[in-house]
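First comes the structure, then the notes that go with it.
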Amino acid sequence: MKLYTAHRAPNPRRVTMFLAEKGVREIPMVEVDLNALEHKREPYRQLSPLAKVPALELDDGRVLTESRAICTWIEGRWPEPNLMGRDAEERAFIEMADRQAEFALLLPIAQVVRHTHPGLAVLEQPQFADYGQAQRAKVYEAAQWFDQILHRRPWLAGERFSVADITAFCALEFAKLMKFKPGAEGFSALQDWRDRVAERPSAQA
Numbered sequence: 175m176k177l178y179t180a181h182r183a184p185n186p187r188r189v190t191m192f193l194a195e196k197g198v199r200e201i202p203m204v205e206v207d208l209n210a211l212e213h214k215r216e217p218y219r220q221l222s223p224l225a226k227v228p229a230l231e232l233d234d235g236r237v238l239t240e241s242r243a244i245c246t247w248i249e250g251r252w253p254e255p256n257l258m259g260r261d262a263e264e265r266a267f268i269e270m271a272d273r274q275a276e277f278a279l280l281l282p283i284a285q286v287v288r289h290t291h292p293g294l295a296v297l298e299q300p301q302f303a304d305y306g307q308a309q310r311a312k313v314y315e316a317a318q319w320f321d322q323i324l325h326r327r328p329w330l331a332g333e334r335f336s337v338a339d340i341t342a343f344c345a346l347e348f349a350k351l352m353k354f355k356p357g358a359e360g361f362s363a364l365q366d367w368r369d370r371v372a373e374r375p376s377a378q379a
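Per my numbering, the sequence shown starts with residue 175, numbered consecutively.
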């Protein structure tokens, strides 16, 4: 079994942080050099035809891609501590919060960074700076919404830490590349939540 990852990218970080929360150290990790475009060449394309990281190669040779799918597999293999819900109802609400964090927050942040940061020009060809700048409004809109949620409860999906918090945290960490800090924009609850997550050992993974 091997996990192909890229430590600076947000989606691979979601998986490594998830593993750290579980205390799982048994999976060897293989670093993929994104700046060298290693993910777009063979033999990696045999593992991940869409040229995305992360990818989990199982012992039987099958390969899982997509961060959420990999985390679901990990949750099944190492069910404690539980991060995805203990029953159908809790699982549904955690998945909702996780998808919201992924699509409303992480995706527009990624579009801003990929299309405006000169360091990512090698990965995003061509870059469309106007499109990237236009996505900033979506980031602020999502941040305001999550800030309101976190004024009402301690964690994104409810009363306990979950995979949704991992996704949102990795998104905000990536947002440093667009010089976005929630507290500086008036999103105090979002900043307080981010700082609490940053104190967890898994945030250093």
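For each residue, glycine too, the CB sits at the ideal point set by N, CA and C.
The structure displayed is predicted, hence computed values, not measured ones.
For residue j and residue i, believed in contact at Cβ under 8 Å, the rounded distance
i    : j    : result
I283 : A331 : So it is not a contact: roughly 20 Å between Cβ atoms.
P228 : L281 : P228 to L281, Cβ: 17 Å. No contact.
A342 : L279 : 6 Å
L351 : F320 : Contact flag wrong, Cβ pair sits at about 19 Å.
V371 : A379 : No, V371 and A379 are not in contact; Cβ-Cβ is about 12 Å, not under 8 Å.
C-beta atoms of residue i and residue j nearer than 8 Å
i    : j    : result
V380 : Q309 : Residue 380 falls outside the range modelled here, since the chain spans only 175 to 379, and no answer is possible.
V189 : S222 : no
H289 : A303 : yes
Y139 : E359 : Residue 139 cannot be examined here, being either before or after the span of the chain that is shown, 175 to 379.
I361 : A317 : First, the residue type needs correcting, since residue 361 is Phe and not Ile in the sequence shown. Against a cut-off of 8 Å, the Cβ pair of A317 and F361 comes out as a contact.
A243 : P375 : no
M175 : E231 : yes
M258 : R251 : no
8 Å CB neighbourhood of residue i in its chain, flanking five on each side removed
i    : result
L224 : T239
A295 : Q301
E212 : V206 and Y218
R327 : E333
Buried versus exposed, by CB contacts within 10 Å (16 or more), residue i
i    : result
R199 : exposed
A345 : buried
W247 : exposed
P186 : buried
D234 : exposed
E263 : exposed
K196 : buried
D369 : exposed
E249 : buried
D339 : buried
D261 : exposed
Cut-off 6 Å between Cβ atoms - residues of its own chain near residue i, not counting five sequence neighbours on either side
i    : result
M203 : L177 and T179
Y305 : H289
Sequence-distant residues of the same chain with beta carbon closer than 7 Å to residue i, five excluded per side
i    : result
E276 : T341
F354 : V313
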